[in-house]
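S.K.: Before I ask anything, here is the structure I am working with.
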Amino acid sequence: GENVEQHPSTLSVQEGDSAVIKCTYSDSASNYFPWYKQELGKGPQLIIDIRSNVGEKKDQRIAVTLNKTAKHFSLHITETQPEDSAVYFCAATGGSYIPTFGRGTSLIVHP
Amino acid sequence: DTAVSQTPKYLVTQMGNDKSIKCEQNLGHDTMYWYKQDSKKFLKIMFSYNNKELIINETVPNRFSPKSPDKAHLNLHINSLELGDSAVYFCASSQVAGEHEQYFGPGTRLTVT
Chain A
18 GENVEQHPST LSVQEGDSAV IKCTYSDSAS NYFPWYKQEL GKGPQLIIDI RSNVGEKKDQ
78 RIAVTLNKTA KHFSLHITET QPEDSAVYFC AATGGSYIPT FGRGTSLIVH P
Chain B
2 DTAVSQTPKY LVTQMGNDKS IKCEQNLGHD TMYWYKQDSK KFLKIMFSYN NKELIINETV
62 PNRFSPKSPD KAHLNLHINS LELGDSAVYF CASSQVAGEH EQYFGPGTRL TVT
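Set out below in structure tokens:
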């Protein structure tokens, strides 16, 4: 089955800095890679996703890159703000229809 | 206009009891899921239903039984609760199974004493 590794587990940055979270996956059949943000006491919410036919996608301060050959994808947040503080999850979904999640990254943005 | 709702939000009970968590989605989605999130925030899929039919049943004890009376509802019944069942349980839905965004409910924090 699919195995998704996510790093780092904790990321602490100063407001205005950039943050990068990296994930690797094992199943070459995976074609859909979403990123979810989970704020304290809430359920995860999709912030951006990318499909295997695209190498990069951007939405304002958030971008995701995908390298299918190397089987890794990354989330980039620029100009971080305190409200970006949350737990971020990457996931990979392929032929099994079962989404496999990474173990999460706790992002802390210091004012 | 809550998209995916769960009840109750908190559930405190003793070992050996039986409890249920209810989930409803008003998005018209075909697929619904149950996830367990442990204290280290790891999200583990438990079940998935597509149009009231079970399509995913991960390695979950038989004490957990999902029920889907219609495609808008997916309930989770847990028998003989154990300490290790303490976690946050999330219901989610997606348009169809597979490569689509999942919409998560607010979660149910289950504490077994």
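So the protein sequences, as listed, match chains A and B.
Just so we're aligned, residue 18 is where the first sequence starts under my numbering, counting upward by one.
Just so we're aligned, residue 2 is where the second sequence starts under my numbering, counting upward by one.
The beta-carbon is built from N, C-alpha and C at its ideal position, and this holds for glycine as well.
On a predicted model such as this, the values are computed, not experimentally measured, just so you know.
1) Taking DSSP as the reference, what is the three-state secondary structure of Leu28 of chain B?
2) On a Cα-Cα basis, can you pick out the residue from A:Lys74, A:Ser43 and A:Asp34 that is closest to Gly119 of chain A?
3) Would DSSP call Leu84 of chain B helix, strand or coil?
4) Do the stretch 72-91 of chain B and the stretch 8-24 of chain B meet, that is, are 3 or more Cβ pairs less than 8 Å apart?
5) Taking only the alpha-carbon atoms, compute the straight-line gap between Ser81 of chain B and Glu56 of chain A and give it to the nearest angstrom.
6) With a threshold of 8 Å between beta-carbons, can Lys59 of chain A be considered close to chain B, or not?
7) Can you grab the Cα-Cα spacing for the pair Gln77 of chain A / Ile94 of chain A, in whole Å?
8) Within 10 angstroms of its Cβ, does Thr109 of chain B collect 16 or more other Cβ (buried), or is it exposed?
9) Tell me, please, whether the CB atom of Gly108 of chain B is closer than 8 Å to any CB atom in chain A?
M.R.: A quick look at the data gives this:
1) Under the three-state reduction of DSSP, Leu28 of chain B is assigned to coil, being neither helix nor strand.
2) Restricting attention to A:Lys74, A:Ser43 and A:Asp34, the CA atom closest to the CA of Gly119 of chain A is found in A:Ser43.
3) Residue state, collapsed to three classes: helix.
4) Flag = yes, the stretch 72-91 of chain B and the stretch 8-24 of chain B touch.
5) Ser81 of chain B and Glu56 of chain A have their C-alpha atoms some 31 Å from each other.
6) Output row for Lys59 of chain A: interface = yes.
7) Approximately 9 Å, taken between the alpha carbons.
8) Counting other Cβ atoms within 10 Å of its Cβ, Thr109 of chain B reaches 16 or more and is therefore classed as buried.
9) The beta carbon of Gly108 of chain B sits closer than 8 Å to some beta carbon of chain A.
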